[in-house]
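Before any comments, here is the structure.
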Amino acid sequence: MKLQMLLKKLENLITTFEGSKGAGLSSNDHEDQVQSQVASAGASKKKKNKSKRKKGPLGQTDPPSIPVDELFPSGDFLEGEIQQYKDDNLWRVTSEEKKELERLHKSIYNSVRRAAEVHRQVRKYVTSICKPGILMVDLCETLENTLRKLIKENGLKAGIAFPTGCSLNCVAAHWTPNSGDKTVLQYDDVMKLDFGTHVDGYIIDSAFTVAFNPTFNPLLEASKEATNTGIKARTGIDVRLCDVGAAIQEVMESYEVEINGKVFQVKSVRNLHGHNIRPYKVHAGITVPSVKCDSQIKMEEGEFYAIETFGSTGEGTVRQDLDCSHYMKKFDVGYITLRLPRAKQLLTTINKNFSTLAFCRRYLDHIGETKYHMALKNLCDAGILKVLQGPLCVMWKEAMCHSLSTQSFLGLLARKLFPVVMTTDLVTCHDVVSNSPVGVGLDLLLVPL
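Throughout, our numbering is defined as the position within the sequence shown, counted from one, plus 6.
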């Protein structure tokens, strides 16, 4: 077909050449005319080829800067890892009624999936920049600024769900640096990086552990396997939460770690728990134990859970220590008269930007608040804000030179058809020389090809 078209064009050129020759044109004029026609034919062909090219899927930049909703223009975000029901709950998979009810919640699931996709992309980037020598406050601000870009931060519609936790070594949870903090990440540190995203108040609460010294690999592996076991063996509607805790403890405490020639049994921290999550309320009242207990509470349809596991070389309990930097407006607080004008102004700012989501002093600095310490104290004293538990430190015996903890948890949705892991952040251990993973926890959220 193409050959016939070329022959036809050649015949037209010869005819034009002979006609122009009879009209008295010079040989140079003939050549110019032929060349112009050939060029125009080639240009039109290139234009056609160019128009046929299809645009490929958008890819994320490095460092990430494209909001995830632009990477998924259809508005359908990736689904998490589906867990299969077992035993008496198998009927849910084939129930037509349950399938129809499932479709009614598509908009909610899409909000959660968008938040989960942002979380996945942010943690992928952050693990690439976590290196000994980085200031902790710089690490947190880089993480948070990246998150704000990818989620298109928009007040209470989308943004950061709670302060970034970057607890080191014996501090198990709830530590974040204030502005000006000079803490530096070291080679022998074990860091628990805990951050959250939300879309329309639907929160993704997920964390992972970063270590550079391969000595700690067994400790990290214990957290990873305990989390996987708790999720895959004991999750879903009508599952008792005590069974989840028993499964986690059994795996966690089967591990040992040797540090400086001394062997420690890994213990599951008894007084740190997972929890259920509701819109704009990260801790919604139900706790998920990480050890065996007598609780008979069951998971119910449509509930969101953060399944949290904490492994420790210490005694297996934590206590509150150090200064607190986390604040949260009480969920059910009524009208309270405030006499301090600055406190009223600060409360208006908190209502607009955080509502009942947790925040820290750095977040007030970010939105331009200054000289707010007295007003913040006034809001706490009035019972409008509550000061969250300060950094939780693992207790240890005097004979031990130190105590370490690891953290691993993920977001789980107890759906009508299947329980779904929305996002997982397990354990990561980097080789400090090459910054390549040595012991890596699997990311169970589906990744775009």
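Glycine included, C-beta positions come from ideal geometry on N, C-alpha and C.
- For I210, the uninterrupted beta strand (DSSP E) segment begins and ends at 208–217.
- Collapsing the DSSP output to three states places Q395 in coil.
- Residue state for N282 is assigned as strand, using DSSP reduced to three classes.
- By the Cβ-count criterion, G242 is buried, with 16 or more other Cβ atoms from all chains shown falling within 10 Å of its own Cβ.
- Rounded to whole angstroms, the separation of the alpha carbons of T182 and K335 is 18 angstroms.
- Here the region 358–378 does not lie against the region 307–327, with fewer than 3 beta-carbon pairs under 8 angstroms apart.
- Under a 10 Å Cβ-count criterion, I303 is classified as exposed, with fewer than 16 other Cβ atoms of the shown protein chains found around its own Cβ.
- Annotation: the continuous beta strand (DSSP E) that includes K268 extends over 268–271.
- A121 sits in a helix when the DSSP states are folded into three classes.
- For D187, same chain residues with a beta-carbon under 6 angstroms away, outside a window of 5 residues either side, are V143 in chain order.
- The distance from the Cβ of L247 to that of S301 is about 6 angstroms, consistent with a contact at the 8 angstroms cut-off.
- The beta-bridge partner set that DSSP reports for K198 consists of S173, T215.
- Excluding five sequence positions before and after A381, the CB atoms of its chain that fall closer than 7 angstroms to its own CB belong to L346, R348, A349, L352, given in chain order.
- Counting of Cβ neighbours within 10 angstroms places H279 among the buried residues, the total reaching 16 or more.
- Looking from the CA of K130, the closest CA among C386, A213, Y115, H281 belongs to A213.
- E306 and C399 have their C-alpha atoms some 32 angstroms from each other.
- Take K155, set aside five residues on each side of it, and the residues of its chain with a beta-carbon closer than 6 angstroms to its own are S71, in chain order.
- Sequence-distant Cβ neighbours of D195 in its own chain, meaning closer than 7 angstroms and more than five residues away, are L174, N175.
- Here G171 is not near F218, since their CB atoms are 9 angstroms or more apart.
- Using a 10 angstroms sphere on the CB of K163, the tally of other CB atoms stays under 16, which defines it as exposed.
- By alpha-carbon distance to F222, the top candidate from Y208, F270, S260 is F270.
- In this structure P79 is exposed. Its beta-carbon is surrounded by fewer than 16 other beta-carbon atoms within 10 angstroms.
- The shortest C-alpha to C-alpha distance from R120 to any of I140, L141, P138, L153 is the one to L153.
- Annotated three-state conformation of H204 is strand, per DSSP.
- The closest CA to that of P138, considering only P169, D206, L191, is found on L191.
- Excluding residues up to 5 positions away in sequence, Y378 lie with their Cβ nearer than 6 angstroms to the Cβ of L370 in the same chain.
- V216 is positioned such that its CB atom lies closer than 9 angstroms to that of L199.
- Going by DSSP, Y369 is part of the alpha helix (DSSP H) stretching over 367–372.
- About 6 angstroms separates the beta carbons of H332 and C366, which is inside the 8 angstroms limit, making them a contact pair.
- According to the DSSP secondary-structure assignment, R325 is paired through a beta bridge with C399.
- Under the three-state reduction of DSSP output, T293 falls in the strand class.
- Between the beta-carbon of A364 and that of F168 there is about 4 angstroms, and that keeps the pair under the 8 angstroms contact cut.
- DSSP lists R246 as the beta-bridge partner residues of K304.
- Rounded to the nearest whole angstrom, the CA to CA distance from I166 to E159 is 8 angstroms.
- Under a 10 Å Cβ-count criterion, E76 is classified as exposed, with fewer than 16 other Cβ atoms of the shown protein chains found around its own Cβ.
- Residues M258, E259, G317, S318, T319, G320, E321, G322 of the same chain have their beta carbon placed closer than 8 angstroms to that of K273, with the five preceding and five following residues left out of the count.
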